[in-house]
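Worksheet: the structure to be examined is printed underneath.
Numbering (the numbering used here), first residue to last: 1448 to 1961.
Structure, rendered in structure tokens:
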């Protein structure tokens, strides 16, 4: 019934969709994956005896079928008893987020289509977060933030996280930083809801058991005026991850492994659902990392069922009572058919890096040990959260050495920046991340923002303005992504990034963590 094979190299890992197989991604890798083809059931669903007497129409409603997490959320949001992959449904939006790059365009479309004096559908469901091109003297970038401010004043928007003093971000109590991390910290991510954003990494919020996806400016302009969007229900790829995570692995390693296996097009317009004991053991910030990069596989959204970990995280920043959340219980695997079903056993030897110039160009970190690097960048919505900096500090602390290349640190939000300077690192004798970073010779943690992840204006902190080799905790390594078109970016976890900073080469963190 099944075909089993061992793949000698991670670059040759192909899966025959007609078989159920067990695969090892490389001769050194110890992840195992099992994938099953979608099966079509031919079971008898009802049996009727010949009608003896006249029957009245049934009043119990339509027959309900099992649905995935994503389907359940979209059914609720479209006021339908059930939906199926491929259905086009009008969805009621719970939260719309935009930022300084796409906000002005979305506002322009809204005003053009609904009128210069039109009002947004709900001023309390719109969240506007300047975060991309903030700490720059570029006049056009600064103008974008001004446009957001004028619009929010005009519309009396409740959740506008403004910044006016660019010289000292701490003088702006409303300013937050990277939108995807700020949404979670400020209580805008809630189980069972629909959250849309004018940014492809809006899928990060799926970690909270909700449907979250990025949309374009035109769609956002329509949502501003109506609170609705027409969506096609995506099929689901279900990833069952079981096994204990070794101390030297992070969620970034998991998602790079998955993208390397299915490719950057492997989940095109599909929901990527993550379940299993490994996922259940992850913190919320690690779950956010997992969902953050589903778009790098082409995914429509990522989702993780909400559990105690989710609700414990939410308690501090709730904007509504806990009992208003819609709990979406995940059905057993046999209760619905997913497009594909993957089983991943998390073992060891999987500290990964994505080589230039694609997130699916997967390799073990130790397979890249001869790659000399010029710099390290730790930050972004993917790798700039509090736990990401804690992980990097752990490696620096264990080594007791100084970095050999410039190491740039960009906290995602103002709260993360404060954590870097205030929270003690476990096992450090009370030292904070900032103290450990200073002792290791890293750059001083910068003002919270998206920083150089998208390149940005030429005066953006840590931007690559020349052709260099960089190990980065960001999410994309396409040509020109962090600035220079000939720059080379190796995507990695904070552990691997910190280890690489200490040697000047792409380095497996176990060199310092064992």
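For every residue, glycine included, the Cβ atom is placed at its ideal position computed from N, Cα and C.
Under three-state DSSP, which class holds residue 1616? helix
Limits of the alpha helix (DSSP H) - the one that residue 1679 falls within: That residue, residue 1679, is in no alpha helix (DSSP H); its beta strand (DSSP E) goes 1675 to 1679.
Residue environment, residue 1586, which counts as buried when at least 16 other CB atoms sit within 10 Å: exposed
In the structure shown, what three-state DSSP assignment does residue 1885 receive? helix
Quick check on residue 1925: buried or exposed, where buried means 16 or more other Cβ atoms within 10 Å of its Cβ? exposed
Nearest-angstrom Cβ-Cβ length linking residue 1541 and residue 1641, presumed shorter than 8 Å: 5 Å
Limits of the unbroken beta strand (DSSP E) element including residue 1824: 1822 to 1826
For a quick check, are the C-beta atoms of residue 1666 and residue 1798 less than 8 Å apart? no
Rounded to the nearest angstrom, what separates residue 1953 and residue 1532 at their Cα positions? 42 Å
Just how far apart, CA to CA, sit residue 1654 and residue 1682? 18 Å
Measure the alpha-carbon distance for residue 1725 versus residue 1738 and round it to whole angstroms. 14 Å
What are the partner residues of residue 1746, as DSSP defines its beta bridges? DSSP output for residue 1746 lists no bridge partner at all.
For residue 1919, list the residues DSSP reports as bridge partners. 1824, 1938
Write down every uninterrupted run of the alpha helix (DSSP H) in the segment 1849 to 1916 whose length is 4 residues or greater and which is fully enclosed by it, in chain order. 1861 to 1869, 1880 to 1887
Bounding residues of the alpha helix (DSSP H) (the contiguous stretch that carries residue 1550): 1550 to 1561
Which residues does DSSP pair with residue 1661 in a beta bridge? 1644
Of the residues 1806, 1729, 1545, 1649, the one placed nearest residue 1596, counting alpha carbons only: 1545
When 1915, 1887, 1867, 1904 are compared against residue 1893, the one with the closest alpha-carbon: 1867
Separation of residue 1624 from residue 1863, as counted between CA atoms: 9 Å
By DSSP, does residue 1574 sit in helix, in strand, or in coil? strand
Determine, using beta carbons only, whether residue 1645 and residue 1661 come nearer to each other than 8 Å. yes
Would you report the Cα separation of residue 1809 and residue 1744, rounded to the nearest angstrom? 13 Å
In this structure, does DSSP put residue 1928 in helix, strand or coil? coil
Just to confirm the assignment, what range does the alpha helix (DSSP H) spanning residue 1706 have? 1698 to 1709
For the alpha helix (DSSP H) holding residue 1545, just list the boundary residues, first then last. Careful: residue 1545 lies outside any alpha helix (DSSP H), inside the beta strand (DSSP E) at 1542 to 1545.
May I have the straight-line CA-CA distance separating residue 1958 from residue 1946, to the nearest angstrom? 8 Å
Measuring straight from C-alpha to C-alpha, what distance separates residue 1951 and residue 1539? 50 Å
Out of curiosity, what's the CA-to-CA distance linking residue 1904 and residue 1583? 7 Å
Is the beta carbon of residue 1575 less than 8 Å from the beta carbon of residue 1604? yes
Below 8 Å on the Cβ atoms is my guess for residue 1898 versus residue 1826; work out the distance and round it to an integer in Å. 5 Å
Under the three-state reduction of DSSP, which class applies to residue 1799: helix, strand or coil? strand
Beta-ladder partner(s) of residue 1514, from DSSP: Paired residue(s): none; residue 1514 is not in a bridge.
Could you work out which residue in 1598, 1659, 1909, 1551 is closest to residue 1570 when comparing CA atoms only? 1598
What number of angstroms, rounded off, separates the C-alpha of residue 1960 from the C-alpha of residue 1839? 11 Å
So which of 1592, 1636, 1949 has the shortest CA-CA distance to residue 1822? 1949
Starting from residue 1809 and walking both ways along the beta strand (DSSP E), at which residues does that stretch end? 1809 to 1811
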